[in-house]
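So the sequence shown is numbered by our numbering: it starts at 62 and just counts up by one.
Scroll down for the structure; my scribbles are underneath it.
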Amino acid sequence: MIKKVSISAIAALAFAAFFFWLTCAPINYKSPEFWTLFIFTVGVFCFVYLLFSIFGRKKVIVIEPKKRVGKAFRNVAIIIVGLFLLLFIGGISGAEIFNAKHYRDQLTMKDSDFSTDIKEISFSQIPIADKDTAQRLANRQVGSVVDLVSQFNLSNKFSVINYENKPYRVTPLEYADIFKWLSNSSKGIPYYIKVNLATQEANIVKLDKPMKYGMSDKFNRYVVRKARLSYPTKLFDEVNFEIDDSGHPFWVFSVIDYKIGLYGGPDAVGVVLVDAVTGDTSYYDISKVPQWIDRAYGTNLILKQINNNGKYKHGFWNSKFGQKDVLQTTDGYNYLSINNNIWLYTGLTSVVSDESNIGFTLVNLRTKESRFYAINGAEEYSAMASAEGKVQEKRYTATFPLLINVDNYPTYFLSLKDSAGLVKMYAFINVENYQVVGVAESIDEAKEQYVRQLSGEGLKPTGDDKTVEGAISFVSSAVKDGNSYYYVKLDGNDTVYTASIQVSDLLPVLQTGNKVKISYRETGGKTASISKIELVQG
């Protein structure tokens with residue numbers, strides 16, 4: 062009896078060890094993968110024990126094996142049914158129908174003021190390239206180096222980070238296939254790619270020491286396995302590739318725990334770092350995550366918590382029937398770089414969607430600080446369609462917009478790409494009135510058009526105007542999108558002051574030599590938008 066139990070236990074543990082190594086399943090009772098491992102391990106134990114019960118004796122009586130087989134199968138069935146019952150009870154304990162309030166409170170959004178929180182940022186900080194464009198730019202860099210393109214591919218881990226206070230996407234290279242790994246693994250991967258999302262500049266970064274741990278590595282150099290062997294009980298969520306302030310590469314594993322029931326209400330509790338070069342690992346509690354890490358919380362986890370907060374404001378049943386004040390995120394999201402942090406941005410709309418947003422939310426992906434801005438306006442896809450409609454003859458496609466501040470007005474900013482995925486134009490769209498659109502081949506010109514239209518619609522900029530007086534040295538006009546625009550220069554001043562006809566009826570009669578007083582707002586470069594113009598006597 063002891064011998065049978067011992068051999069069966071050894072076989073089961075050997076299987077469990079191999080299964081754990083192969084699948085990287087956590088040894089944690091809150092993980093469904095752990096219970097799968099446990100059930101299979103118990104099954105192996107019972108199976109081996111059953112074999113010994115049937116064939117372990119030298120003398121076998123026909124009737125006895127049948128009895129032992131039946132009894133063994135009954136015992137196995139009881140154990141498996143018991144385990145599934147335990148899992149079922151654990152699942153029920155965390156069900157949303159019983160815990161709507163707990164799910165709602167996992168993320169609390171603070172009502173915030175848009176113009177106070179989101180200051181106007183330099184164009185050097187506005188991401189104009191989306192993930193698809195960044196990947197194309199990075200692929201060009203890899204393709205320009207023959208030795209790289211024949212051995213390595215770009216990883217799909219194209220993380221948005223804040224580096225040197227600018228938005229970047231970074232990605233490591235990975236082995237093209239198993240044969241490339243066999244021939245290159247001893248040397249490692251000496252490069253990663255970084256793409257400046259504001260300038261669209263892609264660079265191949267060569268490391269002093271190559272990376273030996275990644276998603277395409279095998280055996281114990283597979284980075285998920287490395288993290289799992291170092292922290293066998295941790296529950297991993299999203300994995301991101303990031304670089305620290307010196308440009309050194311790391312893999313960042315978001316570590317979660319289930320806060321509601323057995324495996325309901327996941328939330329981040331820390332991060333595991335794996336040095337991509339040395340394989341050194343470390344764990345940080347969520348309150349002590351280093352400042353350079355941008356992605357401690359997974360994007361999908363945050364989106365789920367935002368939706369739960371909007372769904373369960375008045376309980377579970379209201380979310381199904383009355384649906385009073387029930388909100389949901391819009392279909393897309395983007396990332397904003399604010400104060401050296403990466404924030405997840407998405408719109409919020411009524412559950413009975415009517416192509417309009419009732420507000421927006423920003424969530425810091427390192428701290429989970431959450432802000433809500435009650436701004437009624439067009440949802441993002443309506444804004445994208447409005448921008449595409451301005452240049453419909455070119456058949457450009459719009460990227461998902463960013464929410465930025467222009468003259469204290471909530472404004473969508475997006476890029477327009479051609480069929481090859483290259484950015485050709487830029488657009489500014491007013492959130493509250495998506496017919497107010499500025500589209501041009503440069504950001505400066507697109508913003509200038511947008512600010513002019515704000516004035517034309519009576520949505521005059523809310524900041525303080527500057528004033529200037531002088532004699533007109535040049536005045537001209539042009540018609541754009543059916544509207545007349547005027548361009549004025551003053552003696553000894555290189556700035557071009559622009560205004561639509563809606564600003565003043567005085568514009569068509571201005572002549573060279575007229576002395577004027579102009580109230581204006583700078584729009585970038587050597588241009589400014591006129592908010593008021595009047596003749597000066599004398």
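The beta-carbon is built from N, C-alpha and C at its ideal position, and this holds for glycine as well.
These figures come from a predicted structure and were not determined experimentally.
Reduced DSSP secondary structure (H/G/I, E/B, other) of residue i
{"i": "THR556", "result": "coil"}
{"i": "THR339", "result": "coil"}
{"i": "PHE461", "result": "coil"}
{"i": "VAL206", "result": "coil"}
{"i": "ASN301", "result": "strand"}
{"i": "LEU334", "result": "strand"}
{"i": "PRO228", "result": "strand"}
{"i": "TRP312", "result": "strand"}
{"i": "VAL105", "result": "helix"}
{"i": "PRO87", "result": "coil"}
{"i": "TRP404", "result": "strand"}
{"i": "TYR546", "result": "strand"}
{"i": "ASP318", "result": "strand"}
{"i": "VAL540", "result": "strand"}
{"i": "TYR495", "result": "coil"}
Proximity below 8 Å, CB of residue i to CB of residue j
{"i": "LYS374", "j": "ARG165", "result": "yes"}
{"i": "LYS255", "j": "TYR229", "result": "yes"}
{"i": "GLY482", "j": "THR194", "result": "yes"}
{"i": "ILE419", "j": "ASN437", "result": "yes"}
{"i": "GLN186", "j": "LYS241", "result": "no"}
{"i": "TYR236", "j": "ASN245", "result": "yes"}
{"i": "ALA615", "j": "TYR487", "result": "Because residue 615 is not part of the residues shown, which for the chain are 62 to 599, the question remains open."}
{"i": "ILE354", "j": "VAL313", "result": "yes"}
{"i": "SER216", "j": "LEU198", "result": "no"}
{"i": "LEU551", "j": "SER534", "result": "yes"}
{"i": "VAL109", "j": "SER69", "result": "yes"}
{"i": "ILE562", "j": "VAL577", "result": "no"}
{"i": "VAL330", "j": "ASP318", "result": "yes"}
{"i": "ILE265", "j": "GLN202", "result": "yes"}
CA-to-CA distance, residue j to residue i, given in whole angstroms
{"i": "ASP526", "j": "ALA539", "result": "24 Å"}
{"i": "ASN136", "j": "LYS295", "result": "32 Å"}
{"i": "VAL97", "j": "TYR345", "result": "The amino acid at residue 97 is misidentified as Val; the sequence shows Thr. Those two C-alpha atoms are separated by around 28 Å."}
{"i": "GLY308", "j": "ASN368", "result": "35 Å"}
{"i": "THR390", "j": "PRO293", "result": "35 Å"}
{"i": "VAL413", "j": "ASP386", "result": "10 Å"}
{"i": "GLY408", "j": "TYR396", "result": "12 Å"}
{"i": "VAL123", "j": "PRO87", "result": "Unreliable placement is indicated for VAL123, whose pLDDT of 46 sits below 50; no coordinate value is reported for it."}
{"i": "SER590", "j": "ASP298", "result": "48 Å"}
{"i": "LEU147", "j": "ILE141", "result": "10 Å"}
{"i": "PHE213", "j": "GLY204", "result": "10 Å"}
{"i": "LYS287", "j": "TRP82", "result": "10 Å"}
{"i": "THR339", "j": "LYS267", "result": "16 Å"}
{"i": "ARG282", "j": "LEU388", "result": "44 Å"}
{"i": "PHE95", "j": "ASP505", "result": "55 Å"}
{"i": "ALA78", "j": "PHE106", "result": "13 Å"}
{"i": "PHE219", "j": "TYR548", "result": "44 Å"}
Range covered by the alpha helix (DSSP H) that runs through residue i
{"i": "ALA288", "result": "284 to 291"}
{"i": "GLY371", "result": "360 to 372"}
{"i": "PHE240", "result": "239 to 245"}
{"i": "VAL412", "result": "First-last for VAL412: undefined, no H or E at that position."}
{"i": "ALA75", "result": "63 to 84"}
{"i": "ALA161", "result": "157 to 165"}
{"i": "PHE219", "result": "No alpha helix (DSSP H) holds PHE219; DSSP gives it neither H nor E."}
{"i": "PHE175", "result": "175 to 178"}
Inter-residue CB distance, residue i and residue j (contact presumed, cutoff 8 Å)
{"i": "SER154", "j": "LEU423", "result": "Contact flag wrong, Cβ pair sits at about 33 Å."}
{"i": "PHE101", "j": "PHE80", "result": "7 Å"}
{"i": "LEU334", "j": "PHE302", "result": "Rounded, the Cβ-Cβ distance is 11 Å, inconsistent with contact."}
{"i": "THR457", "j": "PHE489", "result": "For the record, residue 457 in the displayed sequence is Tyr; it is not Thr. That belief does not hold up - the Cβ atoms of TYR457 and PHE489 are roughly 15 Å apart, past 8 Å."}
{"i": "SER431", "j": "MET170", "result": "5 Å"}
Extent of the continuous beta strand (DSSP E) run through residue i
{"i": "ASP486", "result": "Before going on, a small fix: residue 486 reads as Met here, not Asp. That run of the beta strand (DSSP E) goes 484 to 491."}
{"i": "LYS267", "result": "262 to 272"}
{"i": "GLU441", "result": "Segment 441 to 451 is the alpha helix (DSSP H) holding GLU441; no beta strand (DSSP E) there."}
{"i": "ASN379", "result": "No beta strand (DSSP E) contains ASN379, which is instead part of the alpha helix (DSSP H) from 377 to 381."}
{"i": "GLU502", "result": "No beta strand (DSSP E) contains GLU502, which DSSP labels as neither H nor E."}
{"i": "GLU595", "result": "588 to 596"}
is_contact[residue i, chain D] using C-beta, thresh 8 Å
{"i": "PHE79", "result": "Structure shown: chain D not included; a single protein chain is present."}
Any non-hydrogen atom of the ligand NAP within 7 Å of residue i CB
{"i": "HIS375", "result": "Among the components modelled here there is no ligand, and therefore nothing to report on the ligand NAP."}
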